[in-house]
Amino acid sequence: MGKSASKQFNEEVLKSHNEYRKKHQAPPLKLDGNLCKEAARYAESLASTRILKHSAELNRGNCGENLAWASYDQTGKDVTDRWYNEVNQYNFNQPGFSSGT
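Numbering of the sequence shown is given in UniProt numbering, commencing with residue 1 and proceeding in unit increments.
As structure tokens, then:
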């Protein structure tokens, strides 16, 4: 993905995330250039190994991580919608990590 396509994708993801956050009265997010670069680097690493796995927590600091994999092009909105639709599998009575979400 070229720089302009990557920037457009990042902005689509951000816009979609913030639309969902608004539904839950959560404050909007902002793009962070350093996080975007690190995420792109990690995505390239995953693509080269063809293994989808979360990065080490110590490498993420206080940041969460959403992963997605597809064998076809998707818009930032498509990817965000896929993540958000996992809410149906989340147990709000037992919050925390779940492999299904």
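Even glycine gets a Cβ: it sits at the ideal position worked out from N, Cα and C.
Proximal residues to residue i (C-beta, below 8 Å), its chain only, five neighbours per side dropped
i     : result
Leu29 : Leu14, His17, Asn18 and Arg21
Ala68 : Gln74, Val79, Arg82 and Trp83
N-terminal and C-terminal residue of the alpha helix (DSSP H) that residue i is part of
i     : result
Asn59 : Glu57 to Arg60
Arg82 : Gly76 to Tyr84
Arg41 : Gly33 to Thr49
Residue from the options with nearest C-alpha to residue i
i     : options                       : result
Glu11 : Gln94, Lys77 and Tyr84        : Lys77
Ser71 : Gly96, Glu65, Arg50 and Glu57 : Arg50
Ala5  : Asp73, Asn88 and Asn62        : Asp73
Lys37 : Asn93, Lys7, Leu58 and Ala47  : Lys7
Ala39 : Pro27, Ala26 and Lys53        : Lys53
Leu35 : Asn85, Glu86 and Gly61        : Gly61
Cβ-Cβ separation, residue j to residue i (assumed contact under 8 Å), whole Å
i     : j     : result
Ser55 : Glu65 : 6 Å
Sequence-distant residues of the same chain with beta carbon closer than 6 Å to residue i, five excluded per side
i     : result
Tyr42 : Ser55
Phe9  : Gly76
Proximity test, residue i beta-carbon vs the ligand ADP heavy atom, cut-off 7 Å
i     : result
Pro28 : Within the structure as shown, the ligand ADP is missing, as the structure has no ligands at all.
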